[in-house]
């Protein structure tokens, strides 16, 4: 019998009570319009606004072959900004989840946005066609992240799975 090793699943069971749900959201943008030969096309993801005090726990950036760099920036209600993740040499084949060593507070009213660069030039060895104008579809900006809500404590709440 031949077993295909191409697909694998791993599960980690909680060793104690679960207190919070990790929510997945994104700061993305479909308005991609990369000119032919452009080596540094920049686009900002639409900001995600936190409606409740939260903590950011991980990042999962996604772009395709022309993806060059991606950053996640947190703008707090007082106007201060902090780069939470900077991937200076993005590679579309590296599908990583960047888990933070310590969750980052995102007070209610904070906004998280992404800034991405694409390389549509001949210098990009992964570029299938530097002469093409590239829009959404062949290229994407799906800057996913996960967060928890500070006020949530599932050990005190009744959950209905209806």
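In the working numbering, the protein residues as written are 1457 to 1618. Quick reminder that beta carbons are idealized off the backbone N, C-alpha and C, glycines included.
Here residue 1491 is exposed: its Cβ has fewer than 16 other Cβ atoms, across all protein chains shown, within 10 Å.
For residue 1513, the enclosing beta strand (DSSP E) has its first and last residue at 1510-1518. Beta-bridge annotation (DSSP): residue 1561 is paired with 1511. Residue 1524 sits in a strand when the DSSP states are folded into three classes. Within the segment 1586-1610, the beta strand (DSSP E) runs of at least 3 residues that lie entirely inside it are, in chain order, 1598-1605. Restricting attention to 1559, 1548 and 1571, the CA atom closest to the CA of residue 1606 is found in 1559.
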